[in-house]
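A.B. asks: Please find one structure pasted underneath; my questions will follow.
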Amino acid sequence: MKKLVNKGLKSKKNFLIVTLIILVIFNGLLANTAFSQKKAQQRVLEGVSLFWEAKFEDAIEVLQEAIAHNALSKDELFSAHLYIGFSLLRLDGQPELIKQTFRQAVKANPQLKLDSFKIPPDLLNKFEEVRKGMICSFYITSDPIGAEIIGLSPEKEIKFKGLTPHFFEDLLVGTYDVIILKKEYQQKMWRASLSPAVVDTLDITLELKKKSFFKKWLPWVAGGGVVAASVVAIVSSKESSKTKPGLQDLPMPPDRPR
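Under the working numbering, the first residue of the sequence shown is numbered 72, with each subsequent residue one higher.
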């Protein structure tokens with residue numbers, strides 16, 4: 072008995088040790104991830120500052136290092152690619168490489184726009200030329216209105232959501248599967264190919280779902296059953312009252328013997 076108790080305590084102790092080791096490793100991974108993210112964010116800020124100090128080659132190097140960490144948010148990734156493109160422009164870099172860099176910025180966050188009061192016109196115009204060829208708008212409505220819209224990319228990622236009617240701006244040009252949902256109506260799906268610099272439209276008429284025979288007639292049958300039961304109860308009550316003998320119809324007791 073004592074051996075079994077000792078064995079159980081030993082197993083429990085080993086389990087606790089393994090659990091503690093896993094927790095330490097997990098916490099270490101979280102700490103490393105947080106440190107990597109913070110370092111990447113700092114490098115983006117540093118790279119942007121280097122650009123405004125006209126240290127363009129240094130800016131490119133620092134920003135590329137920040138991107139390599141794979142820990143940036145969409146906004147930070149946008150800024151990193153954007154300022155690499157700006158630096159290449161100031162260094163008279165290859166036009167195709169500059170366009171490719173700007174495309175990466177737009178893909179990172181299509182909704183972000185530049186402030187014309189802060190960005191020099193030549194840089195702003197070059198970026199806007201690339202962005203206009205990648206961005207589109209989409210207006211979706213339905214009959215009836217108030218249907219849910221889900222836009223999926225070819226990779227089945229949700230790219231936009233809303234309720235009809237809805238005007239979507241700053242979407243990436245491309246093909247989307249648009250799903251329209253509304254309670255009690257049949258789901259509709261539409262594949263839309265969106266073009267740059269135009270407003271594509273989609274107007275969908277929804278159809279009511281067809282009820283099965285059982286669902287369609289069950290309320291009527293149930294209601295009819297209640298009515299029929301009520302009628303039967305009334306008729307039975309009336310028949311009972313007719314056949315039930317009254318007091319005057321009961322036989323009289325026999326006379327007492329004299």
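In this text, a Cβ means the ideal position worked out from N, Cα and C, and glycines have one as well.
Tell me the residue span of the beta strand (DSSP E) that contains VAL201.
C.D. replies: The sequence position of residue 201 within the sequence shown is 130, counting from 1. From DSSP, VAL201 is part of no beta strand (DSSP E) but of the alpha helix (DSSP H) over 192 to 203.
A.B. asks: Tell me which residue opens and which closes the alpha helix (DSSP H) that LEU160 is part of.
C.D. replies: Along the sequence shown, one-based indexing puts residue 160 at 89. Note, LEU160: alpha helix (DSSP H), 145 to 161.
A.B. asks: Looking at C-alpha atoms only, which residue of THR172, ALA218 and LEU143 is the closest neighbour of GLU55?
C.D. replies: Any answer about residue 55 is impossible in this case: the structure gives the chain only from 72 up to 329.
A.B. asks: Below 7 Å between beta carbons: does that hold for GLY233 and ILE220?
C.D. replies: Your numbering for residue 233 matches position 162 in the sequence shown. Your numbering for residue 220 matches position 149 in the sequence shown. Going by C-beta atoms, GLY233 is nearer than 7 Å to ILE220.
A.B. asks: To the nearest angstrom, how far is the alpha carbon of LYS259 from that of LEU277?
C.D. replies: Residue 259 sits at position 188 when you count from the first residue of the sequence shown. Residue 277 sits at position 206 when you count from the first residue of the sequence shown. Those two C-alpha atoms are separated by around 7 Å.
A.B. asks: Is it buried or exposed for THR235, if we count other Cβ within 10 angstroms and need 16 for buried?
C.D. replies: By one-based count along the sequence shown, residue 235 stands at place 164. Buried is the call here.
A.B. asks: Rounded to a whole number of angstroms, what is the C-alpha to C-alpha distance between GLY156 and GLU167?
C.D. replies: For the purposes of this step, residue 156 is identified with residue 85 of the sequence shown, where counting begins at 1. For the purposes of this step, residue 167 is identified with residue 96 of the sequence shown, where counting begins at 1. Those two C-alpha atoms are separated by around 11 Å.
A.B. asks: Is the Cβ-Cβ distance between LYS170 and VAL133 less than 7 Å?
C.D. replies: Position 99 of the sequence shown holds residue 170. Position 62 of the sequence shown holds residue 133. No, the pair does not count as a contact, with Cβ atoms beyond the cut-off.
A.B. asks: Going by DSSP, name the residue or residues bridged to GLU219.
C.D. replies: Taking the first residue of the sequence shown as 1, we reach residue 219 at position 148. GLU219 pairs with LEU234 and LEU252.
A.B. asks: Does the beta-carbon distance from ASP241 to ILE206 come in below 7 Å?
C.D. replies: For the purposes of this step, residue 241 is taken as the residue at position 170 of the sequence shown. For the purposes of this step, residue 206 is taken as the residue at position 135 of the sequence shown. Yes, Cβ-Cβ distance for ASP241 and ILE206 is below 7 Å.
A.B. asks: Who does VAL270 pair with in a DSSP beta bridge?
C.D. replies: The residue you call residue 270 lines up with position 199 of the sequence shown. Answer is SER208.
A.B. asks: Which of the three DSSP states, helix, strand or coil, is assigned to PHE239?
C.D. replies: Counted from its first residue, the sequence shown places residue 239 at position 168. Of the three classes helix, strand and coil, the one that applies to PHE239 here is strand, per DSSP.
A.B. asks: Can you tell me whether DSSP reads GLY118 as helix, strand or coil?
C.D. replies: Taking the sequence shown and counting its residues from 1, the one referred to as residue 118 is at position 47. Looking at GLY118 - three-state DSSP - the assignment turns out to be helix.
A.B. asks: What is the C-beta distance between GLN257 and LYS280, in whole angstroms, given that I count them as a contact (C-beta under 8 Å)?
C.D. replies: On the sequence shown, residue 257 is found 186 positions in, with the first residue counted as 1. On the sequence shown, residue 280 is found 209 positions in, with the first residue counted as 1. Going by Cβ atoms, the distance from GLN257 to LYS280 rounds to 6 Å, so yes, they are a contact pair.
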